[in-house]
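Peer 1: Heads up: the protein sequence lines correspond to chains A and B, in order.
Using the numbering used here, you'd call the opening residue of the first sequence number 215 and step up by one each time.
Using the numbering used here, you'd call the opening residue of the second sequence number 274 and step up by one each time.
Built from N, CA and C at the ideal position, the CB exists for glycine as well.
Just so we're clear, the structure is a prediction, and the values are computed from it rather than from any experiment.
Okay, handing you the structure first.
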Amino acid sequence: MTAAADFEDFISDYQDMVYTLAARLLGDRAEAQDMAQDAFLKAYQNFESIKDSPTKGGWLKAVTTNLCLNHLSRHRARWKLFSEIAEDDGAIEALAGPEKSAPDPEDAGLLERALQALPDHQRVPLVLFHFEDLSYEEIAAKLGATLAKVKTDIFRGREALRKILETGT
Amino acid sequence: MSDWERKLGDRLKRLPPLKAPASLLPMVMERIEARTRWAWWAWPAAARAASLAGLAGAAGAVAFAASRLASWLQAAPSAVPARALGMLASAHNGAAAALGRALWVVLSSLGQPLLVPVLLTYLLCAGGAVFFWQLASRPRGLRHIEEGV
Numbered sequence: 215m216t217a218a219a220d221f222e223d224f225i226s227d228y229q230d231m232v233y234t235l236a237a238r239l240l241g242d243r244a245e246a247q248d249m250a251q252d253a254f255l256k257a258y259q260n261f262e263s264i265k266d267s268p269t270k271g272g273w274l275k276a277v278t279t280n281l282c283l284n285h286l287s288r289h290r291a292r293w294k295l296f297s298e299i300a301e302d303d304g305a306i307e308a309l310a311g312p313e314k315s316a317p318d319p320e321d322a323g324l325l326e327r328a329l330q331a332l333p334d335h336q337r338v339p340l341v342l343f344h345f346e347d348l349s350y351e352e353i354a355a356k357l358g359a360t361l362a363k364v365k366t367d368i369f370r371g372r373e374a375l376r377k378i379l380e381t382g383t
Numbered sequence: 274m275s276d277w278e279r280k281l282g283d284r285l286k287r288l289p290p291l292k293a294p295a296s297l298l299p300m301v302m303e304r305i306e307a308r309t310r311w312a313w314w315a316w317p318a319a320a321r322a323a324s325l326a327g328l329a330g331a332a333g334a335v336a337f338a339a340s341r342l343a344s345w346l347q348a349a350p351s352a353v354p355a356r357a358l359g360m361l362a363s364a365h366n367g368a369a370a371a372l373g374r375a376l377w378v379v380l381s382s383l384g385q386p387l388l389v390p391v392l393l394t395y396l397l398c399a400g401g402a403v404f405f406w407q408l409a410s411r412p413r414g415l416r417h418i419e420e421g422v
């Protein structure tokens, strides 16, 4: 098998993973396709060293995440990393309020759309937490935010998801 | 974390991946091909050798010319602007005279003993940096992919 064919197989194996991660981080499928292309170009430049690595999937995820975060911070005027909530942990409890009737999060299509509808500053930490299994501390370090703000944004993201799922739009 | 939040977290983790557009793979390969088509390392060997020789020749010529110019200006710093201004003044052209004065300022500054060596060093460093960056950024597996090995 040629090296070019090797690289095409590599793209075939990982394109859904890379595209999904980019689409969830960016909330925009056209931009996700651009970022996925950039991620694979970086992979191509390092293909000799990563092609036999058992961690190439993780490497590709890290590259995609960094590209998407850079893209958000550089190219989106509306991107705000932090919520505007006061920087204290008590705010999270204050937001919680009484238990509401829980909507069913089983509808995958609706959940995906709801995720994309979230504002960047809520969706990004939520995706990093739930899909990439990063801890609050790791997310805070990656985004350059405080721990309290990351917790607040994730909490607010979940609440926003709940509201979107409740209205079913 | 409430039960609903836990359920939501589990459900998010179990969300199936999105399907990448069918155009993704061909677009990536097209961009790779476009990059390699114009890259220096993709040139024919003769063209690469000629470009290296040309670069070395140009660097040598610049170095030689700069050293000659520096020594000439240091030997007779006032000769050049005086002659140039005289020619311009004889043309009775105010704009040309102004240009001549500007040239005189530039040439006078070239007469500074350290300026030419510093400029030359800067040019050589910039040229070297571009050359080595090209070499360093060359993907290691590229040749195999291009040749379909």
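1. Within 7 Å (strictly less), CB to CB, does residue 299(B) reach chain A?
2. Does the beta-carbon of residue 397(B) have 16 or more other beta-carbons within 10 angstroms, so that it is buried, or is it exposed?
3. I'd like to know if the stretch 347 to 359 of chain A and the stretch 287 to 301 of chain B are in contact, where contact means that at least 3 CB-CB pairs between them fall below 8 Å.
4. Between the Cα of residue 369(A) and those of 288(A), 344(A), 352(A), 357(A), spot the shortest distance and give me the residue it belongs to.
5. Following the continuous alpha helix (DSSP H) through residue 281(A), name the residue where it begins and the one where it ends.
6. Using a C-beta cutoff of 7 Å, does residue 339(B) count as contacting chain A?
7. Considering Cα atoms alone, identify which of 305(B), 310(B), 326(B) is closest to residue 258(A).
8. Can you list the residues of chain B that residue 255(A) reaches, using a CB-CB cut of under 9 Å?
9. At a Cβ threshold of 7 Å, is residue 228(A) touching chain B?
10. Using 8 Å for Cβ pairs, my map puts residue 232(A) next to residue 256(A). What's the rounded Cβ distance?
11. Buried or exposed: which applies to residue 234(A), given that a residue is buried once 16 or more other Cβ atoms fall within 10 Å of its Cβ?
12. Need the endpoints of the alpha helix (DSSP H) that residue 285(B) sits in, please.
13. Just to confirm, are residue 337(A) and residue 241(A) a CB contact at a threshold of 7 Å?
14. Of all Cβ atoms in chain B, is any one closer than 7 Å to the Cβ of residue 250(A)?
15. Residue 274(A) touches chain B at which residues, Cβ-Cβ below 9 Å?
16. How far does the alpha helix (DSSP H) with residue 355(A) in it reach, from first residue to last?
17. Could one say the Cβ of residue 290(B) lies closer than 7 Å to chain A's Cβ atoms, at least one of them?
18. Any beta carbon of chain A sitting closer than 7 Å to that of residue 312(B)?
19. Have a look at 343(B), 405(B), 400(B), 406(B) and flag the residue whose alpha-carbon is nearest the alpha-carbon of residue 388(B).
20. So, under 8 Å CB-CB, residue 281(A) and residue 253(A) are touching, yes? Tell me the CB distance rounded to an integer number of Å.
21. Would you verify that the beta carbon of residue 294(B) is, or is not, closer than 7 Å to some beta carbon of chain A?
22. Am I right that residue 357(A) and residue 339(A) are in contact with their C-beta atoms under 8 Å? What's the rounded C-beta distance?
23. Given a threshold of 16 other Cβ atoms within 10 Å of its Cβ, counted over all protein chains shown, does residue 337(B) qualify as buried or as exposed?
24. Give a yes or no on whether the C-beta atoms belonging to residue 378(A) and residue 322(A) are separated by under 7 Å.
25. Just the Cα atoms here: how many angstroms apart are residue 221(A) and residue 261(A)?
Peer 2: Walking through what the data contain:
1. For residue 299(B), the answer is no, since every Cβ of chain A falls outside 7 Å of its Cβ.
2. Under this definition residue 397(B) is an exposed residue.
3. No: the two stretches stay apart, fewer than three of their Cβ pairs being nearer than 8 Å.
4. Of the listed residues, the one whose Cα sits closest to residue 369(A) is 344(A).
5. Note, residue 281(A): alpha helix (DSSP H), 270 to 289.
6. Answer no: the Cβ-Cβ gap between residue 339(B) and chain A never drops below 7 Å.
7. Residue 258(A) has its Cα closest to that of 305(B), out of 305(B), 310(B), 326(B).
8. For a Cβ distance threshold of 9 Å, residue set 301, 304, 305, 308 of chain B lies close to residue 255(A), ordered along the chain.
9. Taking Cβ atoms only, chain B never reaches closer than 7 Å to residue 228(A), which makes this a no.
10. Actually they do not touch by this definition, with Cβ atoms about 11 Å apart.
11. Per the 10 Å Cβ criterion, buried.
12. Element bounds for residue 285(B): 276 to 286.
13. Yes; because the gap between Cβ atoms is below 7 Å, this pair is in contact.
14. Taking Cβ atoms only, chain B reaches closer than 7 Å to residue 250(A), which makes this a yes.
15. Those within 9 Å of residue 274(A) in chain B number zero; the least Cβ separation is about 13 Å.
16. From DSSP, the alpha helix (DSSP H) with residue 355(A) extends over 350 to 357.
17. The beta carbon of residue 290(B) sits closer than 7 Å to some beta carbon of chain A.
18. No, its Cβ sits nowhere closer than 7 Å to a Cβ of chain A.
19. Of the candidates 343(B), 405(B), 400(B), 406(B), the residue whose Cα lies closest to the Cα of residue 388(B) is 343(B).
20. Indeed they touch by this definition, with Cβ atoms about 6 Å apart.
21. Answer yes: the Cβ-Cβ gap between residue 294(B) and chain A drops below 7 Å somewhere.
22. In this structure, residue 357(A) and residue 339(A) form a Cβ contact; the two beta carbons are roughly 7 Å apart against a cut-off of 8 Å.
23. Residue 337(B) is exposed by the Cβ-count criterion.
24. No, these two residues do not count as a Cβ contact at 7 Å.
25. Across the structure, residue 221(A) and residue 261(A) are spaced so that their CA atoms are roughly 8 Å apart.
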